[in-house]
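Working notes, beginning with the structure itself.
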Amino acid sequence: MGNGTRRYIGRFAPSPTGPLHAGSLVAALASWLDARAHGGTWLVRMEDIDQPRCVPGAGDTILSQLAACGLHPDQPVVWQSQRTALCQQALALLQAQQWVYPCTCSRKDILTALQTLGQAPARHEERVYPGTCRPISAPPKLNPSAKHPTWRFNTTAYVSTHQLQLVHWEDRWLGPQQQNVTEAVGDFALQRSDAYFTYQLAVVVDDSQQGVTHVVRGADLADNTARQILLQQALNLPTPQYLHTPLVLGEDGAKLSKQNGATALDTSDPLKLLKTAAQTLGLQTEALANTTSLHDWLHAAVLQWTARFGHNIMSDKI
Ligand code: GLU
Ligand code: ZN
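Numbering (this note's numbering), first residue to last: 1 to 318.
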């Protein structure tokens with residue numbers, strides 16, 4: 001690696017709620033290509049933190065589907081559910097700095113409060129927490145015999161203290177992005193009342209703990225990025241670079257779901273699957289048509305990705 005080349009660590013972080021489908025393969029392939037194009041390390045992290053939503057065996061299925069496509073992680077796979085101590089530490093840090101507060105509102109309480117404010121969400125719209133339990137001045141007293149609270153990030157206080165009303169980032173695919181987190185999501189949850197840590201906290205903790213420098217994932221997650229940047233700042237962690245890939249849409253034009261085509265991929269013909277994923281990523285698949293082995297196809301795809309997105313360590317050697 002030449003002088004001044006930053007170490008690159010990327011990752012694919014599926015939730016094992018089902019097998020790999022056409023959409024998740026796009027994210028897997030893009031993150032792998034980007035890591036290879038930068039001469040970097042590619043990690044796979046199983047985001048099985050939301051245990052009630054996980055399907056037994058799905059994680060192993062995903063790993064064997066990836067392997068069938070020639071996508072092999074460079075280090076042992078990490079399972080997020082085994083790392084809740086790290087989330088607990090991060091939450092404790094935020095508690096000590098009073099950037100979080102306990103909330104005992106039920107979903108119904110939140111809806112009622114929003115209705116009272118004339119802000120009832122439309123169907124499928126994200127509910128912006130109305131701030132019912134947000135402490136006004138003194139830190140809230142916890143009643144130890146009460147049920148486990150939801151711990152919420154005090155977005156409202158954090159962004160006003162740090163002049164971060166608009167969080168900006170430069171997305172490597174989408175270009176300049178910004179979000180007003182207070183308006184878009186409000187004080188979001190870091191730990192739920194059933195004691196599970198949320199995706200927002202776990203992803204920030206694990207990305208930093210694993211030294212991830214580049215996040216490549218599907219565009220359905222783009223609007224989580226600003227929340228994650230706020231948490232990184234509150235925890236004094238570096239912000240990685242982000243690239244959000246185009247989504248694979250079902251035949252009805254809607255986001256892929258089990259109902260409209262998010263079926264498990266049949267990996268008996270991995271090249272065919274990779275070609276479809278490459279098309280979504282805008283690669284020139286005709287130029288890749290002549291390659292017949294998985295290895296050669298992936299190599300040619302790395303060269304194309306490199307021409308578009310980055311430094312190619314291989315070009316130093318050729
Ligand atoms: N586990 C998340 C998902 O599958 C993705 C996390 C990420 O890439 O940040 O939706
Ligand atoms: Zn509340």
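C-beta: ideal position from N, C-alpha, C; glycine also. Just so you know, these numbers come straight off a predicted model, no measurement behind them.
How should residue i be labelled, buried or exposed, when 16 other C-beta atoms within 10 angstroms of its C-beta is the threshold for buried?
{"i": "L166", "result": "exposed"}
{"i": "D252", "result": "exposed"}
{"i": "G186", "result": "buried"}
{"i": "L71", "result": "buried"}
{"i": "G2", "result": "Residue placement at G2 cannot be trusted, given a pLDDT of 43 that sits under 50; the coordinates are not used to answer."}
{"i": "Q65", "result": "buried"}
{"i": "P14", "result": "buried"}
{"i": "T324", "result": "Here the chain comprises residues numbered 1 to 318, so residue 324 is not present and cannot be evaluated."}
{"i": "E47", "result": "buried"}
{"i": "L142", "result": "exposed"}
{"i": "R123", "result": "exposed"}
{"i": "G4", "result": "Note that G4 scores a pLDDT of 46, beneath 50, so its modelled location is shaky and nothing firm can be said."}
{"i": "H295", "result": "exposed"}
{"i": "D50", "result": "buried"}
{"i": "S338", "result": "Examination of residue 338 is not possible in this model, given that the chain is present from 1 through 318 alone."}
{"i": "H38", "result": "buried"}
{"i": "G57", "result": "exposed"}
{"i": "R179", "result": "The amino acid occupying residue 179 in the given sequence is Gln; Arg does not appear at that position. By the 10 Å Cβ count, Q179 comes out buried."}
{"i": "T225", "result": "buried"}
{"i": "I136", "result": "exposed"}
{"i": "R107", "result": "exposed"}
Looking only at C-alpha atoms, which of the options sits nearest to residue i?
{"i": "W310", "options": "L20, A30 and T292", "result": "In the sequence as presented, Trp is not what sits at residue 310; that position holds Gly. When each option's Cα is compared against that of G310, the closest is A30."}
{"i": "N236", "options": "Q97, L174, T285 and R134", "result": "Q97"}
{"i": "R152", "options": "A92, R123 and W99", "result": "W99"}
{"i": "G59", "options": "H38, S81, D74 and G39", "result": "S81"}
{"i": "D266", "options": "P52, T61, A28 and V77", "result": "T61"}
{"i": "G175", "options": "I49, T245, V78 and I136", "result": "T245"}
{"i": "L360", "options": "I229, G39 and P56", "result": "In the structure as shown, the chain begins at 1 and stops at 318. Residue 360 is therefore absent and cannot be evaluated."}
{"i": "R40", "options": "P19, T285 and D74", "result": "Going by the sequence as given, residue 40 is Gly instead of Arg. Measuring from the Cα of G40, the nearest candidate turns out to be D74."}
{"i": "L94", "options": "A157, P19, P52 and P121", "result": "A157"}
{"i": "P76", "options": "L63, D223 and P19", "result": "L63"}
Is the distance from the Cβ of residue i to the Cβ of residue j below 8 Å?
{"i": "H21", "j": "A189", "result": "no"}
{"i": "T84", "j": "C54", "result": "no"}
{"i": "L33", "j": "V302", "result": "yes"}
{"i": "D171", "j": "L243", "result": "yes"}
{"i": "R7", "j": "D206", "result": "no"}
{"i": "W297", "j": "L273", "result": "no"}
{"i": "C103", "j": "P149", "result": "yes"}
{"i": "A277", "j": "L288", "result": "no"}
{"i": "N154", "j": "Y199", "result": "no"}
{"i": "V248", "j": "V26", "result": "yes"}
{"i": "Q232", "j": "V204", "result": "yes"}
{"i": "G23", "j": "G211", "result": "no"}
{"i": "T227", "j": "V181", "result": "With the sequence shown as reference, residue 227 is identified as Arg, and Thr is not the correct amino acid for it. Yes, the pair counts as a contact, with Cβ atoms nearer than the cut-off."}
{"i": "L271", "j": "A262", "result": "no"}
{"i": "L91", "j": "Q177", "result": "no"}
Using the C-alpha atoms, what's the distance from residue j back to residue i?
{"i": "R11", "j": "Y129", "result": "31 Å"}
{"i": "D316", "j": "Q304", "result": "Residue confidence is low: D316 scores 49 on pLDDT, short of 50, so the model does not pin down where it sits. No coordinate-derived value is stated."}
{"i": "G118", "j": "R127", "result": "13 Å"}
{"i": "W173", "j": "A307", "result": "14 Å"}
{"i": "S193", "j": "P240", "result": "29 Å"}
{"i": "I318", "j": "T291", "result": "Any reading at I318 must be qualified, since the residue scores a pLDDT of 41, below 50, and its modelled position is unreliable; the value itself is stated next. Near 20 Å, if we compare the C-alpha coordinates of T291 and I318."}
{"i": "T116", "j": "G131", "result": "13 Å"}
{"i": "Q89", "j": "T285", "result": "46 Å"}
{"i": "A254", "j": "P144", "result": "45 Å"}
{"i": "I110", "j": "A120", "result": "9 Å"}
Please list, in chain order, all residues with a C-beta atom less than 5 Å from at least one heavy atom of the ligand ZN.
Residues flagged by the Cβ proximity filter: C103, C105, T132 and C133.
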